[in-house]
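Protein chains in written order, with the numbering used here: chain F, 1 to 200; chain Z, 201 to 400.
Comments concern the structure below.
Protein chains: 2
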Amino acid sequence: MADHNALPLVILAEKFASLPGIGMKSAQRLAYHVMSMDEASVRAFAQALIDAKKNVRCCKICQNLTEREVCPICSDDQRDSGTICVVEAPKDVTAFERTREYNGVYHVLHGLLSPMDGITPDKLRIRELLGRISGGGVREVIMATNPTVEGDATAMYVANLLKPLGVKVSRLAFGLPVGGMLEYADEVTLFKALENRNLL
Amino acid sequence: MADHNALPLVILAEKFASLPGIGMKSAQRLAYHVMSMDEASVRAFAQALIDAKKNVRCCKICQNLTEREVCPICSDDQRDSGTICVVEAPKDVTAFERTREYNGVYHVLHGLLSPMDGITPDKLRIRELLGRISGGGVREVIMATNPTVEGDATAMYVANLLKPLGVKVSRLAFGLPVGGMLEYADEVTLFKALENRNLL
């Protein structure tokens with residue numbers, strides 16, 4: 001926005017533009033939209049940002065985002081804690097929960113291996129996953145990373161660490177379109193991929 | 201987001217989804233992104249929302265958004281206050297300023313006539329425009345609303361109010377693609393439209 005614009009609006013537009021998938025034009029439009037909201041709504045939005053950052057942390061077991069020390073899925077004794085589905089990000093947990101067919105638990109890696117971008121194994125929550133396995137009681141680990149180069153590489157890397165520990169390691173079936181994004185798969189495709197998982 | 205998600209994240213995603221052009225899937229992605237930002241950045245974002253709403257108001261002359269009582273364009277004595285370019289929204293002022301070819305001033309209507317949606321003349325800043333004309337010194341009013349049904353209707357309505365006051369009223373040339381949006385026009389097209397404006 002040019003310098004004739006009010007500075008607080010320019011700053012707000014820059015904040016929106018710093019979010020992924022929002023360009024400067026959309027950001028400007030969003031900033032103007034905020035001006036048309038009533039003050040209480042704007043304050044509620046600002047508070048929601050602060051609350052989410054302050055009150056949400058990683059579950060100490062599965063590393064998914066939660067308000068509690070242990071997330072509702074890990075603390076649900078109806079779920080099979082012997083099966084761990086390993087995913088890249090919290091949004092992937094949401095995708096699996098939508099299938100309503102998976103009754104195991106999860107482990108969120110918070111990223112995929114990508115040495116070119118400096119994402120080495122110590123940057124992911126792999127240590128925490130190994131800790132869960134060595135704690136015993138885990139029969140199977142399902143590698144449910146995206147079917148991309150990084151997703152496959154991460155699945156293979158983690159599988160190679162886990163197999164010596166005597167745990168069954170499987171990979172989602174490639175019912176998913178290769179190169180596609182897990183979170184956009186429909187429920188049926190995702191369930192099929194879960195059902196036809198293959199031993200690594 | 202399903203109920204296994206942390207509540208503050210669900211609330212934040214709903215806030216994002218309430219913005220124009222952001223669906224629930226993008227909103228969820230943005231909420232997760234906020235979790236990956238450091239706390240200072242999140243606080244700065246929240247503060248930017250509050251500051252924009254609190255410190256930005258309408259210029260008492262042209263009704264554009266500004267931090268001051270009178271905006272920088274209206275208080276700039278290098279600008280020709282005898283020519284007023286009437287636009288729908290503050291983003292259109294930004295579009296004209298980008299051409300660097302217009303040296304007059306603006307008047308922001310904050311909407312277009314749309315009786316079906318309850319937007320009648322009293323909902324727009326038309327009264328303020330008439331006040332400026334009757335104050336004297338205005339030679340020409342350029343109706344620069346979008347070339348859409350509502351934009352044309354508003355231009356005609358305002359022109360019919362202004363012509364009896366003895367002021368020249370013109371309309372942007374239709375170099376703009378009909379049905380398109382002014383804010384997405386490139387600088388050259390917008391400048392041509394300004395140059396070839398026609399008397400109403």
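Even glycine gets a Cβ: it sits at the ideal position worked out from N, Cα and C.
Please read these numbers as outputs of a predicted model, since none were measured by experiment.
Problem - Which listed residue (F/L7, F/L9 and F/S36) has its alpha carbon closest to that of Z/P220 - result: F/S36
Handout entry: Integer-rounded CB distance, given that Z/T266 should sit under 8 Å from F/A6
Key = 5 Å
Practice task
Indicate whether F/I142 and F/V167 have their beta-carbon atoms separated by less than 7 Å.
Solution key: no
Practice task
Within its chain, find whatever has a CB closer than 7 Å to the CB of Z/Y384; leave out the 5 residues flanking it on each side and keep chain order.
Solution key: none
Exercise for the section: Specify the secondary structure class of Z/V358 as computed by DSSP and reduced to three states. Expected result: helix
Problem - Straight-line gap, F/M1 to F/N146 (C-alpha atoms, nearest Å) - result: The predicted position of F/M1 is uncertain, since its pLDDT is 41 and thus under 50; a value taken from the coordinates is nonetheless stated next. Cα to Cα, F/M1 sits roughly 38 Å from F/N146.
Exercise for the section: Pull up the CB-CB distance for Z/L330 and Z/V286, whole angstroms please, since I reckon it's below 8 Å. Expected result: Z/L330 to Z/V286, Cβ: 11 Å. No contact.
Problem - Buried or exposed (CB count within 10 angstroms, at least 16 for buried), F/G82 - result: exposed
Handout entry: Cα-Cα separation between F/T99 and F/T189, rounded to whole angstroms
Key = 9 Å
Exercise for the section: Look up F/I126 in the DSSP assignment and say whether it is helix, strand or coil. Expected result: helix
Practice task
Check the C-beta distance from Z/A393 over to Z/A373 and give it rounded, since I have them as a contact under 8 Å.
Solution key: 5 Å
Handout entry: Beta carbon proximity, F/M1 to chain Z, threshold 7 Å
Key = Residue confidence is low: F/M1 scores 41 on pLDDT, short of 50, so the model does not pin down where it sits. No coordinate-derived value is stated.
Practice task
Check the Cβ-Cβ distances between F/E128 and every residue of chain Z, and say whether any is below 7 Å.
Solution key: no
Exercise for the section: Give me the Cα-Cα distance between F/N64 and F/A31, rounded to the nearest whole angstrom. Expected result: 31 Å
Exercise for the section: Buried or exposed for Z/T294, please, with buried defined as at least 16 other CB atoms from any protein chain shown within 10 angstroms of its CB. Expected result: buried
Handout entry: Option nearest Z/A217 by Cα separation, candidates F/R171, F/L182, F/A48 and F/D80
Key = F/A48
Exercise for the section: Would you mind giving the Cβ-Cβ distance between Z/D322 and Z/G304, rounded to the nearest angstrom? I have them listed as a contact below 8 Å. Expected result: Not confirmed; about 26 Å, so no contact.
Exercise for the section: Return the CA-CA distance between F/L109 and F/G137, expressed in angstroms with no decimal places. Expected result: 20 Å
Practice task
Take F/P164 and list the residues in its own chain whose beta-carbon comes closer than 8 Å to its own, dropping the five residues that flank it on each side.
Solution key: none
Problem - For Z/A202, the three-state DSSP class (helix, strand or coil) - result: Any reading at Z/A202 is ruled out, since the residue's pLDDT is 44, under 50, leaving its predicted position unreliable.
Handout entry: Span separating the alpha-carbon of Z/I319 from that of F/G118
Key = 54 Å
Exercise for the section: Determine whether the Cβ of Z/F296 lies closer than 7 Å to any Cβ atom of chain F. Expected result: no
Handout entry: Inter-residue Cα distance where the pair is F/V34 and F/V42
Key = 7 Å
Handout entry: Inside the stretch 262 to 334 of chain Z only - beta strand (DSSP E) runs reaching at least 3 residues
Key = 280 to 287 and 304 to 308
Handout entry: Nonlocal neighbours in the same chain, by C-beta distance under 7 Å from F/E69, ignoring five residues either side
Key = K60
Problem - Cutoff 7 Å; reference Z/G311; Cβ partners in own chain excluding five residues on either side - result: E288, I319, K323 and L324
Exercise for the section: Using the Cα positions of F/E195 and F/R139, report the straight-line distance between them to the nearest angstrom. Expected result: 16 Å
Exercise for the section: Within the same chain, show all residues whose beta-carbon is closer than 6 Å to that of Z/F391, passing over the 5 residues directly before and after it, in chain order. Expected result: T299 and E301
Exercise for the section: In angstroms with no decimal places, state the Cα-to-Cα distance between Z/I273 and Z/R327. Expected result: 20 Å
Exercise for the section: Have a look at the DSSP bridge pairing and note the partners of F/C58. Expected result: F/L65
Handout entry: Pick from Z/Q278, Z/I284 and Z/M316 that is closest to Z/V369, judged by C-alpha positions
Key = Z/I284
Handout entry: Proximal residues of chain F, C-beta to C-beta of Z/G351 below 9 Å
Key = What Z/G351 touches in chain F: nothing, since even the nearest Cβ is about 17 Å away.
Exercise for the section: Mind checking who F/V169 pairs with in its DSSP beta bridge? Expected result: F/V141
Handout entry: F/I50: contacting residues in chain Z (beta-carbon distance under 8 Å)
Key = V242, R243 and A246
Problem - Helix, strand or coil at F/L19 [DSSP, three-state] - result: coil
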